[in-house]
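All remarks here apply to the structure that follows.
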Amino acid sequence: MLDLAVEAQADFIITFNKKDLCEAKKFGILLLTPYEFLQKVGEIP
Numbered sequence: 353m354l355d356l357a358v359e360a361q362a363d364f365i366i367t368f369n370k371k372d373l374c375e376a377k378k379f380g381i382l383l384l385t386p387y388e389f390l391q392k393v394g395e396i397p
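Under the numbering used here, the residue at position 27 of the sequence shown is numbered 379, and the numbers go up by one with no gaps.
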């Protein structure tokens with residue numbers, strides 16, 4: 353999944369499995385849980 357996110361120039365990966373994707377930070381991709389993502393986009397205060 354990480355290679356696809358890098359190729360697509362993704363800003364985020366939304367996942368419950370952060371530990372297996374820790375290398376995303378090297379590519380400037382934020383790893384967020386669904387809850388964290390909704391907070392970031394303002395759907396949850």
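All residues carry an ideal CB built from backbone N, CA and C; glycine is no exception.
This structure is a prediction, so every number in the text was calculated from the model and none was measured.
Could you tell me how far apart the beta carbons of residue i and residue j are, in whole angstroms, since I believe they sit closer than 8 Å?
| i | j | result |
| --- | --- | --- |
| L383 | L390 | Not a contact, Cβ separation roughly 15 Å. |
| F379 | V393 | Between V393 and F379 the Cβ distance is about 21 Å, and since that is not below 8 Å, they are no contact. |
| P386 | I366 | 6 Å |
From the DSSP output, in three-state form, read off residue i for me.
| i | result |
| --- | --- |
| F368 | coil |
Give me the DSSP bridge partner(s) of residue i.
| i | result |
| --- | --- |
| L354 | In DSSP, L354 forms no bridge with anything. |
Can the beta-carbon of residue i be found less than 8 Å from the beta-carbon of residue j?
| i | j | result |
| --- | --- | --- |
| A376 | L354 | yes |
Please list, in chain order, all residues of the same chain as residue i whose beta carbon is under 7 Å from its beta carbon, the five residues on each side excluded.
| i | result |
| --- | --- |
| A362 | I381 |
| I370 | At residue 370 the sequence reads Lys, which differs from the Ile that was named. Here the set comprises L383. |
| F368 | T385 |
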